[in-house]
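So the structure is just underneath, and the comments pick up after that.
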Amino acid sequence: MLVHIPNVLNRDQVQQFRTLMDAADWTDGNQTSGAQSALAKNNTQLPEGSPLAKQLGAAILDALGASPQFVSAALPLKVFPPLFNRYQGEQSFGLHIDNSIRILRGSDFRIRSDLSSTLFLSDPDEYEGGELVIQDTFGEQRVKLPAGDLILYPASSEHLVTPVTRGVRVASFFWTQSMVRDEAARRTLYDLDTAIQALVPVIGNDDPQAIKLTGVYHNLLRRWAEC
Ligand code: NI
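To convert, note that position 133 of the sequence shown is 290 in the working numbering; the numbers rise steadily by one, no gaps.
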């Protein structure tokens, strides 16, 4: 399941991010790659753990916590501190799969990557190419979103970023360990929650059937969640 979450960051926040990122030092993106994906990867990143990456990452974590759609779709247990990358001048990232376990350097923080996210920080008209291409069970999905929007997709899917042939593409990317490990179960909960959220304004949240459906949601979550 691919979930597009609009406006995780607003225009002012994106502008602030971009100003700070433009003034920063960038390093080779292979710092965070496994040996296999290092062969495919050609981009630059904000140094992992740098004060700026931490500051911007914390702002993203706040925004995710305030996004009902992210919380509902990901059911996050732990989110890896967001990283930041930049592609320009034909840079790309060939087909690869993300590592299953992510360990935060110099700490005992580790997560199982159930979900991958890309938060776009450049608008589509700022660059040519730079599409995130995800091979999903439903075929190939090509993703290029407005700045501030996020795509959430299974970390188990193969993906790539096509060469950026004009302009600059900056983005944040990170992984989430979900409370619900099984993708089908997570999707069922998301569909149920989405339907309840759409129904409640129509029937009222004190309607007995609305209460029952909400109970079903929580009882399924109770069965399936590890936290
Ligand atoms: Ni990746």
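Note that beta-carbon positions come from the ideal geometry of N, C-alpha and C, so glycine has one too.
Compute every distance between the C-beta of Ser-273 and the non-hydrogen atoms of the ligand NI, then say whether any falls below 7 Å. yes
Assign Asn-242 to one of three DSSP states: helix, strand, or coil. strand
Kindly indicate which residue of Ala-230, Ala-181 and Pro-303 has the alpha-carbon position closest to the one of Val-171. Pro-303
Where Leu-370 sits in the DSSP three-state scheme: helix
Asn-376 in three-state terms, based on DSSP: helix
Check each candidate in Leu-356, Val-357, Met-336 and Ser-314 and name the one with the smallest Cα separation from Arg-380. Met-336
What residues match up with Arg-267 in a beta bridge as DSSP calls it? Ile-260
In the DSSP assignment, the beta strand (DSSP E) including Lys-211 goes from what residue to what residue? No beta strand (DSSP E) holds Lys-211; the alpha helix (DSSP H) holding it covers 208–222.
Quick one: what's got a C-beta closer than 7 Å to Ala-342's C-beta in the same chain, skipping five residues either side? Trp-381
Quick one: any contact between the region 343–361 and the region 249–260, if contact means 3 or more CB pairs under 8 Å? no
Gly-214 classed as buried or exposed, judged by whether at least 16 other C-beta atoms fall within 10 angstroms: buried
Inter-stretch contact at 8 Å, needing at least 3 Cβ pairs: the region 211–229 / the region 284–303: no
CA-to-CA distance, Ser-274 to Arg-267, given in whole angstroms: 17 Å
Local conformation of Gly-296 per DSSP, three classes: strand
For His-161, which residues from the same chain have a beta carbon less than 7 Å from its beta carbon, with the 5 sequence-adjacent residues on both sides left out? Leu-302, Asp-306 and Ile-308
Residues near Leu-378 by beta carbon distance below 7 Å, same chain, minus five either side: Leu-346
Residues near Gln-388 by beta carbon distance below 6 Å, same chain, minus five either side: Because residue 388 is not part of the residues shown, which for the chain are 158 to 384, the question remains open.
Name the residue from Leu-317, Leu-370 and Val-236 whose alpha carbon lies nearest to the alpha carbon of Ala-216. Val-236
In chain order, what are the residue ranges of uninterrupted beta strand (DSSP E) at least 3 long that sit wholly in the region 312–376? 315–318 and 321–335
Gly-333 versus Val-290, Pro-238 and Gln-298, residue with shortest Cα-Cα distance: According to the sequence as given, residue 333 is Thr; it is not Gly. If we check each option's Cα against that of Thr-333, Pro-238 comes out closest.
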